[in-house]
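Right, one structure below, let's go through it.
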Amino acid sequence: MGKLNVTVLRYLTKDDFRVLTAIEMGMKNHELVPGPLAAAIANLKTGGVHKLLKELCKHKLVTYERGKKYDGYRLTNTGYDYLALKSLTLRGSVSSFGNQIGIGKESNIYVVADEEGTPICLKLHRLGRTCFRNVKSKRDYHGRRHKASWLYLSRISATREFAYMTALHDRGFPVPRPIDFNRHCVLMELVNGWPMTQVHELLDIPQVYDDLMNLIVRLGNSGVIHGDFNEFNIMLTDAGKPILIDFPQMMSTSHENAQFFFDRDVTCVREMFRRKFAYESEDFPKFSDLERDDDLDAEVHCTGYGFTKEMEQDLLKEYGMIEEEEDEDDEANEPPVLVPAETNDIDEYRKQLEHEVSYSETKPSEKSNDAIKRYIESCTQF
Ligand code: ADP
Ligand code: MG
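Residue numbers (our numbering): 28 to 409.
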């Protein structure tokens with residue numbers, strides 16, 4: 028674990044940023060983005076895209092690869108990180124970068140600082156890193172097949188996390204304060220405490236047990252289940268108060284598997300207390316005890332964020348929360364060659380590029396729900 032290497036950020040010009048964004052756009056339906064397509068999307072007045080692409084390759088923000096049918100550019104993890112970090116820096120949410128403090132199952136966590144120098148937490152979501160190759164394909168709006176890419180999955184994961192964190196924080200739940208998000212990155216308050224994995228002694232064991240069970244019930248009454256309520260995702264302050272983190276896999280209590288995940292969260296706490304503190308209690312909540320008093324689940328899905336049912340399914344599958352259905356016409360053995368875009372897609376690409384570039388400079392809090400919705404919609408391939 029080390030520092031986030033962000034020196035290149037300083038050297039990225041507006042045009043570099045545009046060309047990198049053009050590759051990102053192209054990757055929505057290309058495994059490799061052909062040079063001419065990148066040039067058409069970036070639409071630089073002065074031209075010279077080829078030279079800029081060469082520079083981006085040198086800095087490992089994109090790679091140039093030979094495909095079966097055509098050659099082209101691929102956005103790297105680093106390239107995607109830079110796009111998001113550049114946006115977050117442009118709008119003043121981040122101003123300096125520090126050390127990595129954690130590696131989760133599906134993320135990397137860093138400490139960064141805002142413009143006042145206050146340390147905050149940056150979470151980079153990393154999902155579906157198998158790239159296009161091993162991800163199940165599905166049909167897009169036009170009935171053409173495409174693969175759910177790591178770009179799409181990481182992005183909806185971060186967005187969903189930000190949406191849940193905001194709704195929870197607004198209601199006074201003990202979660203980090205959400206600050207900003209862009210692409211696969213979420214900025215939030217740095218929790219001053221320890222993950223339960225590192226806690227081996229408690230002053231008041233029954234109290235913390237009750238706090239955690241009450242938290243599960245309070246979430247349930249609001250219409251949601253955390254879904255991964257384990258000791259890595261519960262932090263404890265010095266005063267012994269739990270703070271919950273890690274939300275992209277949260278689901279509604281109305282979901283068909285809700286009871287299973289509710290019970291699993293409860294069992295997780297019971298097991299943890301038995302194992303770590305030799306504490307057992309017959310007092311634990313049941314799904315049937317829940318009395319809904321809020322619609323947090325509906326709020327996350329309806330207000331502006333624009334999640335589709337399909338996005339939720341894709342993400343919950345990736346987190347192993349729901350079964351992957353069998354692909355009727357299995358194309359798993361087919362080589363992952365995607366067709367170059369038809370020329371009439373270029374306008375759509377350019378529209379999204381302009382939107383993406385302008386989105387970079389305003390914070391979600393300063394935007395209307397509509398703008399956020401358009402941003403989320405641009406996650407999906409066209
Ligand atoms: P993942 O989804 O990959 O499991 P998490 O959100 O659980 O990622 O974060 C991984 C680890 O990073 C946590 O177990 C915790 O130690 C640390 N961490 C995450 N968020 C914060 C935060 N806001 N403040 C302090 N530490 C954090
Ligand atoms: Mg976690």
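Just so it is clear, CB atoms sit at the ideal spot from N, CA and C, and this is done for glycine as well.
| query | result |
| --- | --- |
| Closer than 7 Å: Phe256 CB and nearest the ligand MG heavy atom | no |
| Integer-rounded CB distance, given that Leu115 should sit under 8 Å from Asn241 | Between Leu115 and Asn241 the Cβ distance is about 35 Å, and since that is not below 8 Å, they are no contact. |
| Where Asp273 falls, given that 16 or more other Cβ within 10 Å makes a residue buried | buried |
| Enclosing beta strand (DSSP E) for Phe493 [first to last residue] | With the chain covering 28 to 409 only, the question about residue 493 has no answer from this structure. |
| Phe274 CB to nearest heavy atom of the ligand MG below 7 Å | no |
| Contact set for Asn360: own chain, Cβ-Cβ below 8 Å, skip 5 residues either direction | Residue placement at Asn360 cannot be trusted, given a pLDDT of 44 that sits under 50; what the coordinates show is reported in the next sentence. Result list for Asn360: empty, nothing under 8 Å. |
| Segment limits, alpha helix (DSSP H) that includes Asp237 | Ile232 to Asn248 |
| Any non-hydrogen atom of the ligand ADP closer than 7 Å to Pro146 Cβ | no |
| When Asp374, Ala325, Met278 and Thr294 are compared against Lys344, the one with the closest alpha-carbon | Met278 |
| Phe189 beta carbon less than 8 Å from that of Pro205 | yes |
| Spatial distance of Gln127 from Ser120 (CA atoms) | 18 Å |
| Status (buried if at least 16 other CB within 10 Å, exposed otherwise) for Ile130 | exposed |
| Residues near Asp316 in its chain [Cβ-Cβ closer than 6 Å; skip 5 each side] | none |
| Cβ-heavy atom distance, Glu381 to the ligand ADP, below 7 Å | no |
| Contacting residues, own chain, Cβ-Cβ under 7 Å from Leu230 (five flanking each side not counted) | Gly267 |
| Straight-line Cα distance separating Lys303 from His227 | 7 Å |
| Selection from Glu283, Phe311, Asp372 and Phe287 that minimises the alpha carbon distance to Gln340 | Glu283 |
| Identity of the residue in Arg37, His211 and Val35 nearest Glu133 by Cα | His211 |
| Inter-residue spacing [alpha-carbon to alpha-carbon] between Glu375 and Met54 | 14 Å |
| C-beta atoms of Gly94 and Glu142 nearer than 8 Å | no |
| With 16 other Cβ atoms within 10 Å as the buried cut-off, status of Arg319 | exposed |
| Alpha carbon of Gly199 to alpha carbon of Gly247, nearest angstrom | 15 Å |
| As assigned by DSSP and simplified to three states, the class of Ala67 | helix |
| Same chain only: Cβ atoms within 8 Å of Thr90, ignoring 5 sequence neighbours per side | Cys84, Tyr100, Arg101 and Thr103 |
| Of the listed residues Gly106, Asp108 and Thr145, nearest to Ser123 (C-alpha basis) | Thr145 |
| Residues bridged to Tyr91 (per DSSP) | Tyr100 |
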